[in-house]
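This report refers to the structure that appears directly beneath it.
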Amino acid sequence: MGNHVSCVQFQAADHDRQTPVGTIKLVKSDGVVKIYHQPIYVSQLMLEFPKHMVCRSDSFYIGQKVPALSEDDQLQLGHNYFLLPKHFFQSALTFVTISSFASSQTQAHDSSSLCRDSKTAFLKKAASCQPFDILKSPSGCLRIRVSEEFLSHLMEQGKVKEEEEEERSKSILCTTPQLQKEYTQLVGFRQWKPKLDTIREQSTKKSVIHQVLKYYS
């Protein structure tokens with residue numbers, strides 16, 4: 003009854019990336035996944051997440067702007083979507099743009115470190131999944147579509163870096179064992195270790211990704 007929307011929230015790494023037919027998966031730029039169990043209008047999400055826009059997960063093509071959904075559009079059951087900052091939709095998609103998803107906002111002051119870490123994460127994630135699909139348009143032109151799995155991996159990597167920065171800041175703050183103990187008792191201790199998938203792809207694939215990234219940088 004009413005307009006209440008049921009929603010469940012997950013971390014990207016803890017949730018199966020296959021969306022059941024009766025649900026909607028919305029991936030945020032911080033790597034958090036929200037699951038809705040009934041259709042929801044984009045306008046509702048805009049109220050909850052100002053300065054953000056929504057797009058379909060299959061609309062990321064290199065060299066083209068990602069089309070954002072209208073506020074009047076409705077997210078449909080069985081489909082996946084991304085919730086991204088508005089500025090992301092203002093220019094054509096490049097490999098550099100994609101690699102920036104893996105960059106921690108806490109490192110924004112160091113551009114050289116940011117670029118290096120972004121490329122490293124980009125290559126690592128590209129080697130661990132199917133990053134791109136090569137498709138042919140009706141006119142016969144080849145198009146490179148970025149896979150949802152790859153984008154989700156990169157956003158998850160960005161979340162990892164932010165948590166690592168938080169742990170590092172905590173260590174700097176707590177400079178003595180006693181301070182560390184008191185801090186742990188105050189906020190609770192939660193040890194976090196990133197889960198790195200085993201890289202099984204052929205070395206030739208990694209070489210191709212290196213060349214593509216070099217070309218678009």
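Residue numbers (our numbering): 3 to 219. The beta-carbon is built from N, C-alpha and C at its ideal position, and this holds for glycine as well. Keep in mind it's a predicted model, so treat the numbers as computed, not measured.
If you compare alpha carbons, which of 103, 89, 158, 72 is closest to residue 44?
When only C-alpha atoms are compared, the closest one is 72.
Quick check on DSSP: helix, strand or coil for residue 88?
helix
Start and end of the beta strand (DSSP E) containing residue 146?
144–148
If you reduce the DSSP assignment to three classes, tell me which class residue 98 lands in.
helix
Within this structure, are the beta carbons of residue 35 and residue 80 separated by less than 8 Å?
no
Which whole-angstrom value is the C-beta distance of residue 52 and residue 77, which I expect to be below 8 Å?
Actually they are not in contact, since the Cβ atoms of residue 52 and residue 77 sit about 18 Å apart, beyond 8 Å.
In terms of alpha-carbon separation, which member of 63, 55, 68 lies closest to residue 143?
63
State the beta-bridge partners of residue 28 as determined by DSSP.
Looking at the DSSP assignment, residue 28 forms a beta bridge with 36, 83.
Below 8 Å between beta carbons: does that hold for residue 154 and residue 87?
When the beta-carbon positions are compared, residue 154 and residue 87 stay at least 8 Å from each other.
Express the C-alpha separation of residue 38 and residue 147 in angstroms, rounding to a whole number.
Approximately 26 Å between the Cα atoms of the pair.
Can you find a CB in chain D that lies within less than 8 Å of the CB of residue 29?
The chain labelled as chain D is not found in the depicted structure, where only one protein chain is given.
If you count every other CB in all the chains shown that lies within 10 Å of the CB of residue 49, and 16 or more means buried, which is it?
So residue 49 ends up on the exposed side.
Using DSSP with H/G/I as helix, E/B as strand and the rest coil, what is residue 66?
coil
Work out the CA separation of residue 135 and residue 145 for me, nearest whole Å.
8 Å
Is residue 44 helix, strand or coil when you go by DSSP?
Reduced to three states, the DSSP call for residue 44 is helix.
Would you mind stating whether residue 151 and residue 33 have Cβ atoms separated by less than 8 Å?
no
Return the first residue and the last residue of the beta strand (DSSP E) that residue 56 is part of.
Boundaries of the beta strand (DSSP E) harbouring residue 56: 54–58, taken from the DSSP string.
So, residue 94 versus residue 138, is the Cβ gap smaller than 8 Å?
no
Would residue 133 be called buried (16 or more neighbouring beta carbons within 10 Å of its own) or exposed?
buried
Would you call residue 141 buried or exposed, if buried means 16 or more other Cβ atoms sit within 10 Å of its Cβ?
Exposed is the call here.
How many Å lie between residue 97 and residue 28 at the Cα?
22 Å
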